[in-house]
Amino acid sequence: MPFDTLMLFLFCGITVIFVITSYDSMSYVIAYHVQKNSSENKDPGKYLRLFWAIVLGILPAALIFYSSHQVALNLIILASLPLLIIYPLMAISVFKELNVKETN
11 MPFDTLMLFL FCGITVIFVI TSYDSMSYVI AYHVQKNSSE NKDPGKYLRL FWAIVLGILP
71 AALIFYSSHQ VALNLIILAS LPLLIIYPLM AISVFKELNV KETN
């Protein structure tokens, strides 16, 4: 493939930019929702965003550090258990909302 080294660096750069912006967005949203004065529509503080960015970075770092397949599987199962409750409730909520809009 022509320019294979250039394409590799370009792909890595784009991937890093994507991951950085995704983590920044996630930390912003979490910090916004956990701050005490969220009703005032104020931006969350920098230190609160930094805290959540670090917390969000700990899990992937721990998975890379331990690099055990069984640990990753256990975490996936553990994280998916609450979704067994949340997803059916979300489906019920969607159907209720659709019924309300249909009657209007």
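Add 10 to a position in the sequence shown, counting from 1, and you land on the number used in the working numbering. Virtual Cβ for every residue (Gly too), placed ideally from N, Cα, C.
Proximity winner among the options, relative to residue i (alpha-carbon distances)
i: residue 69; options: 91, 33 and 57; result: 33
i: residue 53; options: 78, 20 and 38; result: 38
i: residue 59; options: 79, 78 and 36; result: 36
Inter-residue Cα distance where the pair is residue i and residue j
i: residue 16; j: residue 24; result: 12 Å
i: residue 85; j: residue 28; result: 24 Å
i: residue 6; j: residue 113; result: Past the boundaries of the shown model lies residue 6; the chain is included only from 11 to 114, so the question cannot be answered.
i: residue 31; j: residue 44; result: 20 Å
Neighbourhood of residue i by C-beta, 8 Å cutoff - its chain only, sequence neighbours within 5 removed
i: residue 40; result: 62 and 66
With 16 other Cβ atoms within 10 Å as the buried cut-off, status of residue i
i: residue 92; result: exposed
i: residue 12; result: exposed
i: residue 98; result: exposed
Beta-carbon spacing of residue i, residue j below 7 Å
i: residue 88; j: residue 82; result: no
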